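Colleague: Take this structure, written in structure tokens, and hold onto it; I'll ask about it next.
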Amino acid sequence: MTALEAFASQQLKSEVPQFCIGDTVKVHQRIKEGSRERTQIFEGTVTAKKGGGISETFTVRRVSFGVGTEKTFPLHSPNVQKVEVVRAGKVRRAKLYYLRDRVGKSAKVKEKI
42 MTALEAFASQ QLKSEVPQFC IGDTVKVHQR IKEGSRERTQ IFEGTVTAKK
92 GGGISETFTV RRVSFGVGTE KTFPLHSPNV QKVEVVRAGK VRRAKLYYLR
142 DRVGKSAKVK EKI
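The opening residue of the sequence shown carries number 42 in the working numbering; numbering runs sequentially from there.
See the structure below:
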């Protein structure tokens, strides 16, 4: 094991949140503004998961005030405090990039029962 691999294995989270593509999640993100720290919640649909190990990321999409916003979060980042699953989605794709072109009801993901 090289020094880089040893460092990366130390930085991995022991409790990895379990969520899938299509789930609606709340991501609690630590924001630092000057000397203050606060927690900001970003709620949306998981559209993609990418990578593995220390470099694993996931993308969350939400629409607010008619504007679609996507954020990509590193899964093992200390700034991502926790990921809550609000509802489980039923999808048949690994990447939900087609949601970018949809508006209204067609942009929703069905709920898994």
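All C-beta atoms in this analysis are idealised placements derived from N, C-alpha and C, irrespective of residue type, glycine included.
Being a predicted model, the structure only gives us computed values, none of them experimental.
Looking only at its own chain, which residues have a Cβ that is under 6 Å from the Cβ of residue 54, when we skip the five neighbours before and after it?
Modeller: Residue mapping note: residue 54 aligns to position 13 of the sequence shown, counting from 1. Closer than 6 Å at the Cβ level, and outside the excluded window around residue 54, lie 117.
Colleague: Pairing CB atoms from the region 52-68 with CB atoms from the region 119-127, are three or more of them under 8 Å?
Modeller: Yes, the region 52-68 touches the region 119-127.
Colleague: Thinking C-alpha only, which one of 113, 143 and 134 is nearest residue 61?
Modeller: Locating residue 61 in the sequence shown gives position 20, where the first residue counts as 1. If we check each option's Cα against that of residue 61, 134 comes out closest.
Colleague: Could you check the C-alpha separation between residue 45 and residue 92 for me, to the nearest Å?
Modeller: Locating residue 45 in the sequence shown gives position 4, counting from the first residue. Locating residue 92 in the sequence shown gives position 51, counting from the first residue. Approximately 17 Å, taken between the alpha carbons.
Colleague: Just to confirm, are residue 102 and residue 85 a CB contact at a threshold of 7 Å?
Modeller: For the purposes of this step, residue 102 is taken as residue 61 along the sequence shown, with counting starting at 1. For the purposes of this step, residue 85 is taken as residue 44 along the sequence shown, with counting starting at 1. Yes, these two residues count as a Cβ contact at 7 Å.
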